[in-house]
Each structure stands twice: as structure tokens, then as C-alpha cells.
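A short write-up of the structure that comes next.
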Amino acid sequence: MYKHLFVPVDGSDLTRRAMDGSIALALQLGARITGFVVEPEVPITAANSQTENLLNRIKDNASKNEAHAAALLGQFEKRAVTAGVAFKAHHVTAYMVSQSIVEEAEKLGCDMIVMVTEGRSRIGKFVFGSHTKEVIIESTLPVLVLR
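The opening position of the sequence shown corresponds to residue 29 in my numbering, with each subsequent residue numbered one higher.
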């Protein structure tokens with residue numbers, strides 16, 4: 029039924045839980061995993077900078093994003109392959125995290141999005157929002173939420 033899991037990770041404390049939970053699920057389902065990282069664009073406020081400074085910030089941001097995504101997805105791949113799960117890494121740089129998760133999962137032909145949430149209080153959800161909640165609302169794919 030579900031043969032291609034899309035698993036966004038960000039390097040937070042929840043990342044290990046996302047990796048381990050999705051690998052365990054993939055083993056049960058006989059599925060493969062696409063690990064995914066959304067890296068942030070240079071903030072729009074930087075557009076007020078001088079052109080040369082802005083270009084340097086964009087280049088610096090791109091190299092930092094590439095290194096962070098490669099390291100994080102490399103860890104995920106190592107864990108998945110060690111467990112016997114087929115794995116592909118994918119990352120993008122974007123402003124809209126939730127929208128990027130939904131768009132990339134659909135574009136890559138995934139059957140399910142697997143995410144981890146920290147279970148914030150109602151006040152925490154109101155103040156900080158929730159990418160998981162936004163993905164559930166926006167996605168046409170099933171979303172499995174691990175706590």
C-alpha cells in the first residue's frame with residue numbers, strides 16, 4: 029500500500045525520532061524513504077543591503093545550506109541503509125517550509141509523508157505555529173504524525 033515514504037528532517041531534537049520511526053515503518057511496509065531537508069532562503073530583509081553584500085550573503089547561505097543538508101541527510105541515509113531500507117536524499121532552499129514539503133512529496137511520487145511533532149501546548153501552537161499542522165491541511169497525501 030505505502031511504498032515510498034517522504035520524511036522531512038531539520039536537525040532538531042526530533043530528527044532522530046523521525047529517522048528511527050520512519051525506518052521502522054519502512055521495514056514493516058517494505059517501503060523506501062526519501063529524506064528531505066528544507067533550508068531557509070536569505071531573509072527578505074537582506075534585500076535592503078548593497079547588491080554586492082546581498083550576493084555574498086546569498087552565496088554564503090547557499091554553501092551553509094548545502095553543507096547542513098548533506099550532513100543531516102548523510103546521517104539519515106547511513107541509518108536507513110544499515111537497517112536495510114532503500115534511501116534517497118533530497119533538499120531544497122525555500123521560504124515556505126510546509127508548502128515545500130507538500131510540493132516536493134507530491135512531485136517525487138511519494139505515497140505518505142511521515143513527520144514528528146513535539147506536542148506543543150495550545151499556547152505554544154498559537155505562538156509558534158506548526159509545520160506539521162500546515163502539512164496536514166495542505167497535503168492531498170496521507171500524513172503520519174509520530175509523537
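C-beta atoms are modelled at their ideal positions from N, C-alpha and C, and glycine is treated no differently.
According to DSSP, what are the bridge partners of A117?
G63
Of the listed residues G137, N89 and L55, nearest to E69 (C-alpha basis)
N89
Buried or exposed by the 16-neighbour rule on C-beta atoms within 10 Å, applied to S128:
buried
In the DSSP assignment, find the unbroken beta strand (DSSP E) run with V37 in it and report its ends.
Counting along the chain, V37 falls outside any beta strand (DSSP E), and DSSP gives it neither H nor E.
Host alpha helix (DSSP H) of M140 (start-end)
Not the alpha helix (DSSP H): M140 falls in the beta strand (DSSP E), residues M140 to V144.
So which of M140, A95 and N81 has the shortest CA-CA distance to V66?
A95
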